[in-house]
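Each remark here refers to the structure printed beneath this line.
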Ligand SMILES: Nc1ncnc2c1ncn2[C@@H]1O[C@H](COP(=O)(O)OP(=O)(O)OP(=O)(O)O)[C@@H](O)[C@H]1O
């Protein structure tokens with residue numbers, strides 16, 4: 001069973017001074033997330049945050065159905081199993097890290113006797129042990145982001161929805177978040193997250209969906225996606241009986257005829273290395289409207 005299933009999600013916003021005009025920002029979005037790391041990518045304004053807000057029940061879609069663990073997303077019982085990190089959360093900087101965790105623990109109803117151990121475990125996870133008594137105003141942006149991420153894990157959610165969890169983080173901060181996400185998956189949890197840092201998405205995700213202009217353009221596993229977008233190969237070969245190696249870059253179309261030519265002329269193949277578009281190239285091609293180019 002899918003952990004999250006989104007079917008035919010549509011959403012329009014009214015725009016203009018008199019709010020007479022309506023703009024469709026989600027045009028029938030469909031996808032499913034199982035126990036995996038699912039990356040949601042697309043350009044600015046594509047509809048990622050709107051989709052996540054609809055999943056969380058913060059906005060009401062015009063139509064469509066959203067189920068989490070098989071139940072409608074509006075069902076209170078599923079909300080307990082979900083952790084959400086918004087894109088731009090409001091945090092008062094005058095409080096300490098611990099006070100922020102206490103506030104969230106109050107919301108989740110976590111008893112006091114359980115808190116110390118829980119906080120320590122989470123602070124260790126996001127590498128913030130020792131700074132919890134400091135005011136958030138003294139934290140860097142990355143530290144605040146890591147604290148907020150730790151707070152979303154307080155109620156031990158089985159499903160995490162993270163809107164731009166790595167935004168504004170340096171490579172070290174990004175790698176801390178990435179390793180926590182990997183660990184959550186190892187623990188059998190599912191993570192659905194959006195990001196603009198495509199290299200991270202490529203490294204971290206099992207599956208990705210590309211959304212452009214409120215429409216899902218493609219959903220696939222990262223490995224199968226990259227293999228579908230192979231542009232050519234680097235061949236390494238040598239004359240039979242000789243040791244010196246030769247290499248040549250060839251296009252996808254040339255592969256078989258070139259291999260045949262080498263065989264005819266007495267060469268042996270040492271290696272065939274595929275060259276693929278990066279996930280970033282693939283995303284750009286969808287944004288420019290040439291997603292089916294290969
Ligand atoms: N409350 C709102 N009222 C009117 N339009 C809105 C509202 N919220 C979002 N939009 C519009 O909906 C579209 C999708 O926005 P959304 O925030 O979902 O995009 P996004 O993919 O998350 O973008 P980004 O990567 O910049 O965060 C945008 O054109 C945005 O201007």
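Numbering (the UniProt record's numbering), first residue to last: 1 to 294.
Each residue gets a CB set at the ideal place from its N, CA and C atoms; glycine is no exception.
Own chain partners of residue i with C-beta closer than 8 Å, once the 5 adjacent residues on each side are dropped
| i | result |
| --- | --- |
| residue 211 | 29, 40, 41, 42, 46, 47, 48, 51, 217 |
| residue 229 | 276, 277, 281, 282, 294 |
| residue 102 | 115 |
| residue 61 | 9, 10, 11, 26, 54 |
| residue 253 | none |
| residue 128 | 97, 143, 146, 147, 150 |
| residue 110 | 118, 154, 155 |
Nonlocal neighbours in the same chain, by C-beta distance under 6 Å from residue i, ignoring five residues either side
| i | result |
| --- | --- |
| residue 158 | 81, 189 |
| residue 173 | 142 |
| residue 262 | 237 |
| residue 14 | 22 |
| residue 93 | 136, 137 |
Contact test: residue i Cβ vs ligand 1 heavy atom, cutoff 7 Å
| i | result |
| --- | --- |
| residue 323 | This structure gives no information on residue 323, because the portion of the chain shown stretches from 1 to 294. |
| residue 150 | no |
| residue 20 | no |
| residue 46 | yes |
| residue 42 | yes |
| residue 212 | no |
| residue 310 | Because the chain is modelled from 1 through 294, residue 310 falls outside the range shown and cannot be assessed. |
| residue 359 | Look at the range of the chain in this structure, 1 to 294, and you will see that residue 359 is not part of it. |
| residue 280 | no |
| residue 87 | yes |
| residue 234 | no |
| residue 49 | yes |
As assigned by DSSP and simplified to three states, the class of residue i
| i | result |
| --- | --- |
| residue 294 | With a pLDDT of only 40 at residue 294, under 50, the local geometry of the prediction cannot be trusted, and no value is derived from it. |
| residue 154 | coil |
| residue 199 | helix |
| residue 74 | coil |
| residue 206 | coil |
| residue 190 | strand |
| residue 211 | strand |
| residue 170 | coil |
| residue 149 | helix |
| residue 15 | strand |
| residue 59 | coil |
| residue 126 | coil |
| residue 184 | helix |
| residue 159 | strand |
| residue 21 | strand |
| residue 284 | helix |
| residue 137 | helix |
| residue 177 | helix |
| residue 81 | coil |
| residue 131 | coil |
| residue 26 | strand |
| residue 279 | helix |
| residue 39 | strand |
| residue 142 | helix |
Own chain residues within Cβ distance below 7 Å of residue i, not counting five before or after
| i | result |
| --- | --- |
| residue 144 | 91, 136 |
| residue 234 | 247, 249, 273, 275 |
| residue 34 | 2, 3, 190 |
| residue 166 | 174, 177, 195, 197, 200 |
Ligand 3 heavy atom lying under 7 Å from the CB of residue i
| i | result |
| --- | --- |
| residue 25 | In terms of ligand content, the structure shown lacks ligand 3 and carries ligand 1 instead. |
- Three-pair Cβ contact test at 8 Å for the segment 73-86 versus the segment 150-159: yes
- Task: Determine, using beta-carbon pairs with one atom in the segment 134-150 and one in the segment 93-112, whether at least three such pairs fall under 8 Å.
- Result: Touching, yes.
- Item | In chain order, each alpha helix (DSSP H) run of at least 4 residues that lies wholly inside the segment 83-119 | 97-108
- Evaluate the contact criterion for the segment 64-72 versus the segment 3-17: three or more CB pairs, one atom per stretch, below 8 Å. Flag = yes, the segment 64-72 and the segment 3-17 touch.
- Query: Between the segment 199-215 and the segment 19-27, do at least 3 Cβ pairs fall closer than 8 Å?
  - Reply: At 8 Å Cβ cutoff, the stretches touch.
- Within the segment 223-270, ranges of the alpha helix (DSSP H) (whole runs, at least 4 residues): 255-264
- Message: If contact is defined by three or more beta carbon pairs under 8 Å, each pair taking one atom from either stretch, is the segment 262-271 in contact with the segment 236-246?
- Response: yes
- Message: When you compare the segment 188-203 with the segment 115-125, are there three or more beta-carbon pairs, one atom per stretch, that lie closer than 8 Å?
- Response: no
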